[in-house]
Amino acid sequence: MKKSGTLQLQLKFHFSFNIVSLTMFLVKTWRQTAFGVYGYMNFTKPAFLEHSKNFKPEETEVQIPGKNCIVTGANSGIGYAAAEGLAQRGATVYLVCRNKERGEAALSQIQTKTGNQNVYLEICDLSSVTDIKSLASRFSEKNVPVHVLVNNAGLLEQNRVTTSEGFELNFAVNVLGTYAMTELMVPLLEKASPNARVITVSSGGMYSTPLTNDLQYSESSYNGTLQYARNKRVQVSYIDQFSNDILDSRRVQYPTSTRMVTFKYSVF
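Its first residue numbered 1, the sequence shown is counted upward by one per residue in full-length UniProt numbering.
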């Protein structure tokens with residue numbers, strides 16, 4: 001009887017273990033499939049072409065003279081397009097660029113193309129908190145409200161590089177730079193409240209990795225692409241928390257997420 005009872009217990013445990021394993025396998029398979037389908041439907045060229053059918057150009061035909069807009073990483077790509085679009089609509093636009101030569105070229109092109117001379121260049125290395133503090137001080141001296149802050153600047157460095165301030169380079173630009181830029185601009189954003197906007201450019205890569213405590217990727221073999229995805233996940237979580245913290249001020253941020261990362265770095 002004792003052996004029979006032991007055998008029954010073993011069989012019951014084995015059966016239960018198999019059920020748990022099967023359930024975990026099915027859940028994992030479902031999540032991977034759902035992610036793949038979601039990614040195809042939202043982050044591919046066919047998805048873009050499909051979504052573009054719903055785009056209504058007339059909704060962007062507005063004029064915003066008197067609005068002060070800051071765009072980081074504005075000398076190329078999304079940043080340049082955003083800066084040009086804002087200038088085209090009459091805004092006063094500040095291009096924040098690391099490279100002076102490329103920044104001046106972008107400035108000249110935007111002024112010429114839009115006819116808007118209220119476009120200015122600010123040189124700042126967004127991997128440096130010291131540089132960002134200096135930039136914030138210059139804007140404070142202008143004492144003008146900031147209606148729009150576009151956190152566009154980003155970096156994907158495949159090799160692990162440490163900044164002069166001791167931070168991993170991708171993290172410094174993508175996460176710490178966004179954090180410092182946003183927080184230091186709060187007083188000027190408040191001057192434009194309730195009409196201020198903080199827009200943070202993210203990446204679909206954030207969906208490919210969970211949050212991690214190893215923010216500077218120092219605990220395992222370095223992978224620049226994975227670090228970039230991690231950075232974007234952290235960036236979105238920070239913006240979500242920032243949005244919650246200032247909800248009463250009615251400032252709106254995008255994108256959003258559902259979790260918060262607590263920063264262990266004192267930068268101010």
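Here a beta-carbon is modelled for each residue, glycine too, at the ideal position from N, C-alpha and C.
Around the Cβ of residue i, are there at least 16 other Cβ atoms within 10 angstroms (buried) or fewer (exposed)?
i	result
S202	buried
K67	buried
R230	buried
N174	buried
T130	exposed
Y94	buried
L26	exposed
D214	exposed
N116	buried
Q32	exposed
Q63	exposed
I19	exposed
L176	buried
A83	buried
Could you give the distance in angstroms between the alpha-carbon of residue i and the alpha-carbon of residue j?
i	j	result
R138	L189	15 Å
T163	R197	30 Å
L184	Q241	16 Å
I239	T29	30 Å
A172	L211	17 Å
T112	S221	47 Å
E122	S128	14 Å
E50	C69	31 Å
E141	K232	31 Å
When you compare each of the options to residue i by their alpha carbons, which one comes out closest?
i	options	result
Q216	T114, N42, A136 and G166	G166
S156	H147, L169, L184 and P145	Reading off the sequence, residue 156 comes out as Leu, not Ser. Out of H147, L169, L184 and P145, L169 has the C-alpha closest to the C-alpha of L156.
P57	N244, K45, G85 and P145	G85
G79	L49, A106 and Q63	A106
S134	A34, G90 and C124	C124
A192	P46, A91 and P145	P145
A81	T114, I132 and L176	T114
Y207	K100, E59, V37 and Q117	V37
G205	G224, P194 and E104	G224
N118	S237, P65 and V148	P65
S218	T209, T178 and N159	N159
Y179	R89, Q235, L22 and V62	Q235
N75	T60, A153 and E61	A153
H147	S108, R98 and I199	I199
Comparing the C-beta of residue i with each C-beta of chain B, is any distance below 8 Å?
i	result
A34	This model lacks chain B altogether, as it is built from one protein chain only.
Using DSSP's beta-bridge definition, name the partner residues of residue i.
i	result
N151	T200
T162	E168
E122	V96
I70	Y94 and L149
Quick test of your reading: residue i and residue j, contact by CB under 8 Å. State the CB separation rounded to the nearest angstrom.
i	j	result
V186	V71	Not confirmed; about 18 Å, so no contact.
I110	A91	I110 to A91, Cβ: 11 Å. No contact.
M181	L126	7 Å
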